[in-house]
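Engineer: One structure coming up, written as structure tokens, with questions to follow.
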Amino acid sequence: MWFRKDRAPKEPREKRSKVPEGLWVKCESCREILYNKELARNFKICTKCGYHFRLSAPERLRMLFDDEKYVELEVGLRSVDPLRFRDSKRYRDRLKNAEENVGTSEAIRIGTGTMGGIPVLIGAMEFFFLGGSMGSVVGEKVTRAAERALVESKPLIIVSTSGGARMQEGILSLMQMAKISAALSRLAEARIPYISVMTDPTTGGVTASYAMLGDVNVAEPNALIGFAGPRVIEQTIRQTLPEGFQRSEFLLEHGMLDFVVDRTEMKETLVRCLELLWRAA
Amino acid sequence: MRVQAAGPVPATIPEPAPADSSSREDTRRRPKADRVATIPLVNGEDGQFEEPILRLRRRIEELEALPEDAGHRKEIERTREKLERVSREIYASLTPWQKTLVARHPARPYTLDYIGALMTEFVELHGDRTFADDPAVVAGVGRFRGRPVAVVGHQKGRDTKEKVRRNFGMPRPEGFRKALRVMRLAEKFDRPILSFVDTAGAYPGIDAEERGQAEAIAVNLRAMSAFRVPIVVTVTGEGGSGGALALGLGDRVLMLEHAIYSVISPEGCAAILWKDAARKKEAAEALRLTAGDLKELGIIDEIIPEPPGGAHADPEGAAAAVAEAIERHLKDTSDLTGEERRERRYRKFRAMGRHEEQPNE
Ligand SMILES: [Zn+2]
Chain D
1 MWFRKDRAPK
11 EPREKRSKVP
21 EGLWVKCESC
31 REILYNKELA
41 RNFKICTKCG
51 YHFRLSAPER
61 LRMLFDDEKY
71 VELEVGLRSV
81 DPLRFRDSKR
91 YRDRLKNAEE
101 NVGTSEAIRI
111 GTGTMGGIPV
121 LIGAMEFFFL
131 GGSMGSVVGE
141 KVTRAAERAL
151 VESKPLIIVS
161 TSGGARMQEG
171 ILSLMQMAKI
181 SAALSRLAEA
191 RIPYISVMTD
201 PTTGGVTASY
211 AMLGDVNVAE
221 PNALIGFAGP
231 RVIEQTIRQT
241 LPEGFQRSEF
251 LLEHGMLDFV
261 VDRTEMKETL
271 VRCLELLWRA
281 A
Chain P
282 MRVQAAGPVP
292 ATIPEPAPAD
302 SSSREDTRRR
312 PKADRVATIP
322 LVNGEDGQFE
332 EPILRLRRRI
342 EELEALPEDA
352 GHRKEIERTR
362 EKLERVSREI
372 YASLTPWQKT
382 LVARHPARPY
392 TLDYIGALMT
402 EFVELHGDRT
412 FADDPAVVAG
422 VGRFRGRPVA
432 VVGHQKGRDT
442 KEKVRRNFGM
452 PRPEGFRKAL
462 RVMRLAEKFD
472 RPILSFVDTA
482 GAYPGIDAEE
492 RGQAEAIAVN
502 LRAMSAFRVP
512 IVVTVTGEGG
522 SGGALALGLG
532 DRVLMLEHAI
542 YSVISPEGCA
552 AILWKDAARK
562 KEAAEALRLT
572 AGDLKELGII
582 DEIIPEPPGG
592 AHADPEGAAA
602 AVAEAIERHL
612 KDTSDLTGEE
622 RRERRYRKFR
632 AMGRHEEQPN
642 E
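One line per chain: the protein sequences are D and P, in this order. Numbering-wise (the working numbering), the first sequence opens with residue 1 and increments by one. Numbering-wise (the working numbering), the second sequence opens with residue 282 and increments by one.
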């Protein structure tokens, strides 16, 4: 539980949210029909049941940076197809389709700006881009963000949402876990804060590297967070999983998270943590 | 100095508790190489490629069972020569899926076999000091060619009981944390770390998730990237994803010729991307998981050649090759200062991955 004595006014609300389109949208959790504009005003949280709709990376960055303003970094990085991977589709085609459909070139965006007046670097993952999977470019962007945070002495925040390592880049994807963890080690040695925010879903190689390495590990309510996916576990142990297994509250209970916080209070809570942990007293 | 023959670990090992006694017996229980090698790799069509080798081995067994006579001796010799030639030929052109089967061969030497062969002394250390001792990981301190070292590695079981006890070599968080504890000892007392990687992956179970499987792996990666002591990693069998990498971040990463190392198992990949686990052979091709692939992709430093017919056909020969390679790389990296090693290790992994960069966007 966190608290503050004087309740600050609410942060600027989401205005320019694009997805989902249309006037009305159905809540994926309670099936309530919601007015899209109202949903956007409410940080894309269902006004009836509190379900947190998935955010695109730009929506997330606008939500966290002051006045929704930031400069995006490392925009020129593009995935290649180092293994010439082909399953039912070619990896190259999957990349092209994802870029066209999602309107972003990779599964993470890095922004620089201020949050609560503190200069910070924020990375926001894009689940809609190949399931937020981590390949070489995601690894490179997170590593560069950590290295820049070190050089500029700015706190780093990564908001994760990912199905794990990107299979189409094979072993190169796996090695991103090592590369990023090494960069975060340097940041930790320099005593610059790194906060990990986990959102629905965060699994596999992303959880088993940077998502779990925060000085403070935070999650949105009811997010699926784990190493192995629930289906894999079910198939391995051949029993049904307990209610609430691998959800944020479950991880909090088992000591893996510092706190679970509603999206409406995410920004001010992160700012408070940085102020209390790191800023000069 | 030649490597010691694989055998029981020397007597300096303290008598372990009864439940753990099998850890010293793993190396003893290994049947004679020739016998092991007549065990089919896998039944059915997938194992067909080894059939000519098995036929020749069975023939040698038959001949050896006959009464001594000059004619038999000559034929045994001829058959042995043929066996070596045929083994070499077959193993020189294994497909990625066949390599996957060889890497998982039930008679392939495991970490304790290498420890038994490489170390003149070894004391196994147990437990993560927090929850339990995970038998899927072994860790300890030993002496390798006169030099004190710390050892960590995945450990699979040989027989059914042992397989279950060691959870088929799939660690829970306490296994990774035990390894980390011993690696921290190595850092504290300035001992090089030898790591042996051989796991299908981190265990996907309820308890493992509850105790932070992902966190345990992540913390190992961060810690291993920052140690000052030398770390030499050898992928001996299966390099299964994050559970392998959690012991796999080193100054040098070596890999046995028929070992595999992959982000996901071919079966898992086929089930997800092809929506059909039976397409595992295609997935094994696509994933580029052989030692040759990894060398080409800049992930490993050296491929350690295996004896003809694979490490399981000649465990002593395999151990000798592993010992030679480890010693050479250990010597190389030991010439650096701790800070230089850290810096180089950082740059080594920093360079992994492929991307293109469009300049002014
Ligand atoms: Zn709802």
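The beta-carbon is built from N, C-alpha and C at its ideal position, and this holds for glycine as well. Predicted, not measured: the structure shown is a model, and the values here were computed from it.
1. Between which two residues does the beta strand (DSSP E) carrying P/V432 extend?
2. Does the beta carbon of D/A190 come closer than 9 Å to any beta carbon on chain P?
3. Give every residue of the same chain whose Cβ lies closer than 6 Å to the Cβ of D/L160, excluding the five residues on either side of it in the sequence, and list them in chain order.
4. Tell me the DSSP bridge mates of D/T202?
5. Closer than 8 Å, Cβ to any Cβ of chain P: which residues of the segment 65-82 of chain D, in chain order?
6. DSSP beta-bridge partners for P/G352?
7. Please decide whether P/S476 counts as near chain D, where near means a Cβ-Cβ distance under 9 Å.
8. Taking 8 Å as the line, does the beta carbon of D/E38 fall inside it for any heavy atom of ligand 1?
9. So the candidates are P/V433, P/A417, P/P416, P/R426; which of them puts its Cα closest to the Cα of P/T401?
10. When you check each C-beta in the segment 446-477 of chain P against every C-beta of chain D, which residues fall closer than 8 Å?
11. So P/A572 packs on P/E538, CB below 8 Å; how close in whole Å?
12. Judging by CA-CA distance, which residue of D/P221, D/T236, D/E74 is the nearest neighbour of D/G328?
13. Could you check the C-alpha separation between D/R41 and D/C273 for me, to the nearest Å?
14. D/W24 by DSSP, collapsed to three states: which one?
15. Under DSSP, the beta strand (DSSP E) around D/A219 begins and ends at which residues?
16. Would you verify that the beta carbon of P/L575 is, or is not, closer than 9 Å to some beta carbon of chain D?
17. Express the C-alpha separation of D/A190 and D/S196 in angstroms, rounding to a whole number.
18. Is there a Cβ from chain A that is less than 9 Å from the Cβ of P/P485?
19. By the 7 Å beta-carbon criterion, what residues does the segment 521-538 of chain P contribute toward chain D?
20. At a CB-CB cut-off below 8 Å, which residues of chain P make contact with D/R86?
21. Just checking D/E220 against ligand 1 - is the residue's beta carbon closer than 8 Å to any of the ligand's heavy atoms?
22. Start and end of the beta strand (DSSP E) containing D/P119?
23. By the 10 Å Cβ neighbour count, where 16 or more other Cβ atoms means buried, how is P/R410 classified, buried or exposed?
24. Quick one: list the residues of chain D neighbouring P/A499, beta-carbon separation under 7 Å, in chain order.
25. Using only Cβ atoms and a threshold of 6 Å, which residues come within that distance of a heavy atom of ligand 1? Order them by chain position.
26. Using only the heavy atoms of ligand 2, determine whether one of them is closer than 8 Å to the beta carbon of D/R84.
27. Thinking C-beta only, is P/R338 closer than 9 Å to P/L375?
28. Sorted by chain position, which residues of the same chain lie with C-beta nearer than 8 Å to D/P230's C-beta, five sequence neighbours on each side aside?
29. Using 9 Å as the threshold, is the C-beta distance between P/E437 and P/F449 below it?
30. Excluding the 5 residues flanking P/H353 on each side, which residues of the same chain have their C-beta closer than 6 Å to its C-beta?
31. In the DSSP assignment, find the unbroken beta strand (DSSP E) run with P/A420 in it and report its ends.
32. Name the two residues that bound the continuous beta strand (DSSP E) containing D/S133.
33. Measuring alpha carbon to alpha carbon, tell me which of P/T441, P/A551, P/D471, P/R533 ends up nearest P/G579.
34. Name the chain P residues that come within less than 9 Å of D/E237, Cβ to Cβ?
35. In chain D, which residues lie with their C-beta within 7 Å of the C-beta of P/V544?
36. Have a look at the DSSP bridge pairing and note the partners of D/Y91.
Structural biologist: In brief:
1. Note, P/V432: beta strand (DSSP E), 428-435.
2. It does not: the Cβ of D/A190 has no partner Cβ on chain P nearer than 9 Å.
3. The amino acid occupying residue 160 of chain D in the given sequence is Ser; Leu does not appear at that position. Apart from sequence neighbours up to five positions away, the residues of its chain that approach D/S160 with a beta-carbon distance below 6 Å are M125, M198, T202, V206, A211, ordered along the chain.
4. Answer is D/S162, D/I225, bridged to D/T202.
5. Within the segment 65-82 of chain D, the residues whose Cβ lies closer than 8 Å to any Cβ of chain P are, in chain order, V75, G76, L77, R78, S79, V80, P82.
6. Looking at the DSSP output, P/G352 shares a beta bridge with no other residue.
7. No - not a single Cβ of chain D is within 9 Å of the one on P/S476.
8. D/E38: no, Cβ never under 8 Å from ligand 1.
9. Ranked by how close their Cα comes to the Cα of P/T401, the residues P/V433, P/A417, P/P416, P/R426 have P/R426 in first place.
10. In summary, no residue of the segment 446-477 of chain P has a CB separated from any CB of chain D by less than 8 Å.
11. With a beta-carbon spacing of about 6 Å, P/A572 and P/E538 fall inside the 8 Å limit used to define contacts.
12. Outside the shown range of chain D, which is 1 to 281, sits residue 328 of chain D, and nothing can be said about it.
13. D/R41 and D/C273: Cα-Cα distance of roughly 25 Å.
14. It is a strand residue.
15. 216-219 is the span of the beta strand (DSSP E), which, as asked, contains D/A219.
16. With 9 Å as the cut-off, P/L575 counts as an interface residue toward chain D.
17. If you take the alpha carbons of D/S196 and D/A190, they lie about 17 Å apart.
18. This model lacks chain A altogether, as its protein chains are D and P.
19. Residues S522, G523, L526, L530.
20. By Cβ distance, chain P contributes A567.
21. Taking 8 Å as the cut-off, the C-beta of D/E220 does not count as close to any heavy atom of ligand 1.
22. Counting along the chain, the beta strand (DSSP E) containing D/P119 begins and ends at 118-125.
23. Answer is exposed; the Cβ neighbour count stays below 16.
24. Per Cβ cutoff of 7 Å: S181, A208, S209, M212, L213.
25. The set of residues with CB atoms less than 6 Å from any heavy atom of ligand 1 reads, in chain order, D/C27, D/S29, D/C30, D/E32, D/C46, D/K48, D/C49, D/Y51.
26. In terms of ligand content, the structure shown lacks ligand 2 and carries ligand 1 instead.
27. At the C-beta level, P/L375 and P/R338 stay beyond 9 Å of one another.
28. The residues are L224, L241, F245, Q246.
29. Note on residue identity: the sequence assigns Lys, not Glu, to residue 437 of chain P. Against a cut-off of 9 Å, the Cβ pair of P/F449 and P/K437 comes out as a contact.
30. Annotation for P/H353: L344, L347 place their beta carbon closer than 6 Å to its own, counting only its chain and skipping 5 residues before and after.
31. It spans 418-425 - the beta strand (DSSP E) in which P/A420 sits, taken as one unbroken run.
32. Unbroken run through D/S133: none, as it is neither H nor E.
33. When each option's Cα is compared against that of P/G579, the closest is P/R533.
34. A quick correction: the sequence has Ile, not Glu, at residue 237 of chain D. Contacts between D/I237 and chain P, judged by CB atoms closer than 9 Å, involve P485, G486, I487 in chain order.
35. For P/V544, the C-beta contacts it makes with chain D under 7 Å involve A165, M167, G170, I171, S173, L174, in order along the chain.
36. DSSP lists no bridge partner for D/Y91.
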